[in-house]
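Numbering (this note's numbering), first residue to last: 26 to 323.
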Amino acid sequence: MGICGCLTSKLAGCILYLVSSIFMTIGVAIAALGCVLHFGGNAVYQAFSSLLGSIGSTNIGGEIVQLGILDLQRILGSWSSIISYAGLILLGLGLFFLAVGILGCIGACCNLKTMLIVYAILTLTITVVLIGFVIGYYALKQNMRDLGAEEMRKLIVNEYQGRTHPSPNDFSKILDIVQGQLDCCGVTNYTEFYSAGQWNRTYYYSDSVGYIQLTAPIACCKLRKSDFEPQFANCTLSPTAQNSNIHTGCYDKLWEFLDTYANVLIVGIAITAGVTAGISVLAIIMLCYHFKNDVTPI
């Protein structure tokens with residue numbers, strides 16, 4: 026039994042050292058991701074440029090408007106601050122994982138009982154926190170979605186000016202890109218624009234008709250991707266489901282874009298929770314042997 030216990034302890038120590046080394050690497054990677062999310066919006070855009078290609082750059086009124094990840098965050102309202110805070114959390118979490126990994130390596134190599142006790146407690150704590158984070162995300166997911174949609178509505182009401190404005194602001198240009206490239210209109214549909222206080226609805230339709238008051242933004246029409254102009258001339262005068270996208274909201278499509286990668290992150294966190302639970306078991310195995318045989322003084 027003594028030999029088996031010693032071999033089990035040594036095997037657990039070797040595995041613990043190996044896994045702790047991987048843990049340190051993961052910690053560095055998580056910390057780097059946190060830095061990028063919090064400090065490097067442009068770097069994030071470069072990294073995901075291929076994914077953003079479908080909504081990349083568009084010629085609006087002779088001006089090339091480039092759409093990046095920060096613009097998507099702004100359109101999604103609260104997601105901008107959420108992603109920034111998530112970056113800080115990941116940075117802290119990564120540094121914490123790195124420290125725990127170093128602690129585990131030292132404890133496994135030197136058979137230091139005190140370090141193994143601290144290590145077991147920390148890894149169990151991490152496991153509980155990560156599981157709580159996953160549960161919390163899915164519990165609050167709908168609330169975050171609703172909050173983001175409401176923030177986007179506020180931006181439309183307070184800032185949207187439209188293409189017909191003499192000098193449209195950046196939000197107007199960005200939203201028009203999203204609406205044109207994703208074939209959508211507003212948050213859920215075109216009715217959100219009824220409350221847009223800065224929207225210039227006056228539009229010159231033709232010599233015979235003259236000026237009209239737009240029912241929906243021009244970007245809500247089905248547009249030619251080459252020049253971003255309406256495919257059907259009558260869309261601006263009388264938008265329908267056939268010549269426009271007035272009944273298709275943008276927020277669901279934008280949410281789906283971010284939610285896809287959020288789910289990948291959540292799966293990664295769940296896997297990490299499983300790994301930390303396994304590490305805790307290894308540390309406990311070593312501790313059980315040490316406490317039973319009192320082979321280490323500290």
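By construction, the Cβ of each residue, glycine as well, lies at the ideal position given by its N, Cα and C atoms.
Query: Range of the contiguous alpha helix (DSSP H) that encloses Ser197; Result: Asp195 to Gln206
Query: With 16 other Cβ atoms within 10 Å as the buried cut-off, status of Glu88; Result: Low confidence applies to Glu88: its pLDDT is 48, below 50, so where it sits in the model is not reliable enough to give any reading.
Query: Cβ-Cβ separation, Val212 to Arg178 (assumed contact under 8 Å), whole Å; Result: 5 Å
Query: 4 or more residues per run - each alpha helix (DSSP H) lying fully within the region 120–185; Result: 138–184
Query: The region 285–301 / the region 155–173 touching (three or more Cβ pairs under 8 Å); Result: yes
Query: Which of helix, strand or coil DSSP assigns to Ser251; Result: coil
Query: Ile189 - DSSP class collapsed to helix/strand/coil; Result: The identity of residue 189 in the sequence shown is Thr, whereas the question assumes Ile. It is coil, neither helix nor strand.
Query: The region 127–142 contacting the region 263–276, beta-carbon criterion three pairs below 8 Å; Result: no
Query: Cβ-Cβ distance between Leu123 and Cys60 below 9 Å; Result: no
Query: Cβ-Cβ distance between Ala241 and Arg188 below 9 Å; Result: no
Query: Cβ contact check for the region 229–239 and the region 249–263: 3 or more pairs under 8 Å; Result: yes
Query: Three-state secondary structure assigned by DSSP to Val306; Result: helix
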